[in-house]
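J.:
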Amino acid sequence: MQTTPAVESLGNEAFRSRVYSRIGLLGNPSDGYNGRCLSLSLQNFWAEVIIKPASKITFELNPEGDPTQFTDITSFRSHIDGHGYNGGVRLLMSMTRQFLKYCSEHVIPLDPTLKFTLSYSINIPRQRGLSGSSAIACAALNCLLAFYKISEEQLPVNHRPGLVLAAEEALGITAGLQDRVIQVYGGLVSMNFSEFASSFPLCKSLDPGLLPSSPPLILIYNPHEAPGKDSGSVHSQFKEKWALEVSSLHAQMKEVADLVPQGITALENEDLQKLAVLMKRNFQLRKSMFGEAALGKESLRMIELADSAGVAAKFTGSGGAVVALPLDKEQKEKLEEASWEAGFVCVPVRVGPVYHVI
Numbered sequence: 002m003q004t005t006p007a008v009e010s011l012g013n014e015a016f017r018s019r020v021y022s023r024i025g026l027l028g029n030p031s032d033g034y035n036g037r038c039l040s041l042s043l044q045n046f047w048a049e050v051i052i053k054p055a056s057k058i059t060f061e062l063n064p065e066g067d068p069t070q071f072t073d074i075t076s077f078r079s080h081i082d083g084h085g086y087n088g089g090v091r092l093l094m095s096m097t098r099q100f101l102k103y104c105s106e107h108v109i110p111l112d113p114t115l116k117f118t119l120s121y122s123i124n125i126p127r128q129r130g131l132s133g134s135s136a137i138a139c140a141a142l143n144c145l146l147a148f149y150k151i152s153e154e155q156l157p158v159n160h161r162p163g164l165v166l167a168a169e170e171a172l173g174i175t176a177g178l179q180d181r182v183i184q185v186y187g188g189l190v191s192m193n194f195s196e197f198a199s200s201f202p203l204c205k206s207l208d209p210g211l212l213p214s215s216p217p218l219i220l221i222y223n224p225h226e227a228p229g230k231d232s233g234s235v236h237s238q239f240k241e242k243w244a245l246e247v248s249s250l251h252a253q254m255k256e257v258a259d260l261v262p263q264g265i266t267a268l269e270n271e272d273l274q275k276l277a278v279l280m281k282r283n284f285q286l287r288k289s290m291f292g293e294a295a296l297g298k299e300s301l302r303m304i305e306l307a308d309s310a311g312v313a314a315k316f317t318g319s320g321g322a323v324v325a326l327p328l329d330k331e332q333k334e335k336l337e338e339a340s341w342e343a344g345f346v347c348v349p350v351r352v353g354p355v356y357h358v359i
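First residue of the sequence shown: 2, per my numbering; consecutive thereafter.
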């Protein structure tokens, strides 16, 4: 399986890392509950981080992600209402802190004379269940590893998803390992988060060529209206219910996890009708566990739109975007027409590169 470097040298000890968004094809959200996931890197969107030598350590604000100037009070209020007070620069800082902590705990020497500037850019739509925050953190980690010349022997690849997650958890972001695993490895990856392997999930890189290509998977999202709750708040509220050990929730989550091996078999057998059935079931179980209010009206409308076109669909993450599986050209065209008429963006899924094979 061909791999692509996760970091690009810009010369003069400067480096750039581009980390792509992701789609949870099957199994999510069971990754946070000792389950399984089948995920793919989404090349349509990405976060990019650049590190370069400097006279002091600096974390640059992004004008769009960390705005400090607004045209008027209306634009200020609109931004805060839609995105809160949280930008991307905090992820650069938290990731750097976790990186330094790891190096200290594992006695990895760092040159104290090296100083840097970290900056980022991102085109991943916010609050669409497309893993923007973890993409920033993961790209920052890649840059730090290259800048300080840290080898895979010093900081193994399978430690990196947990390190990225720790950076987010330090900021109060509630999430599982799925996003960080696929963004570290890239391509198409199956993951097993059983209680015996939760810190270092059992993962396997799969051939991205197994995914449907004619027609391809379709991504649908609303470019205008923020769905509301971010994924962290959705997961946080559900974990409170989960802690009560409601037997029906645990049974449903196990069923979600069990969809993954069935989905892999369907891909290997080129049985897209079976895959469509599994994707529909994944969404039905999520809806039953979380409730319609947590899923959001716009997200549900996208699912209903796909269903009206006869196309199976499910959330890419916690809501805000859906991945759909048209089985033929007619279904694809019908889905595209209905999506654009409803004001949604509807684009073919492009699978991101493989960074590491596991």
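From the three backbone atoms N, C-alpha and C, an ideal C-beta is built for every residue, glycine too.
Suppose you measure from the CA of Tyr186 to the CA of Ile74; what does that come to, to the nearest Å?
T.: Straight-line Cα distance between these residues: approximately 43 Å.
J.: Would you mind sorting Lys333 into buried or exposed? The rule is 16 or more other CB atoms within 10 Å of its CB.
T.: Classification for Lys333: buried.
J.: In whole angstroms, give me the CA-to-CA distance for Pro349 and Gly25.
T.: Each residue's Cα considered, the two are about 15 Å apart.
J.: Take Ile52 as the anchor and find which of Glu256, Leu145 and Val352 has the nearest alpha-carbon.
T.: The shortest Cα separation from Ile52 among Glu256, Leu145 and Val352 belongs to Leu145.
J.: Determine the contact status of Leu212 and Val50, defining contact as a CB-CB distance below 8 Å.
T.: Going by C-beta atoms, Leu212 is not nearer than 8 Å to Val50.
J.: How many Å lie between Asn193 and Asp329 at the Cα?
T.: Cα to Cα, Asn193 sits roughly 31 Å from Asp329.
J.: Sort out for me which residues DSSP pairs Ala48 with in a bridge.
T.: According to DSSP, Ala48 bridges with Val20 and Ile123.
J.: Go through its chain and collect everything with a Cβ distance to Pro202's Cβ below 7 Å, but skip five positions before and after it.
T.: Excluding positions up to five away in sequence, the list reads Leu178, Val182, Met192, Asn193 and Phe194.
J.: Report yes if the C-beta distance between Cys139 and Val158 is below 8 Å; otherwise report no.
T.: Taking 8 Å as the Cβ cut-off, Cys139 and Val158 do not qualify as a contacting pair.
J.: Quick check: the Cα distance between Ala295 and Phe316, rounded to an integer number of angstroms?
T.: Taking the straight line joining both Cα atoms gives about 13 Å.
J.: Give me the Cα-Cα distance between Asp208 and Gly188, rounded to the nearest whole angstrom.
T.: Straight-line Cα distance between these residues: approximately 8 Å.
J.: Is the number of C-beta pairs between the segment 58-70 and the segment 35-45 that are closer than 8 Å three or more?
T.: Flag = no, the segment 58-70 and the segment 35-45 do not touch.
J.: Run through the segment 255-340 for me and flag every whole beta strand (DSSP E) of 3 or more residues, listed as ranges in chain order.
T.: Counting only runs of 3 or more, we get 313-316 and 322-326.
J.: Excluding the 5 residues preceding and the 5 following Ser56 in the sequence, name in chain order all residues of the same chain whose CB lies nearer than 8 Å to its CB.
T.: Taken in chain order, the residues that qualify are Lys116.
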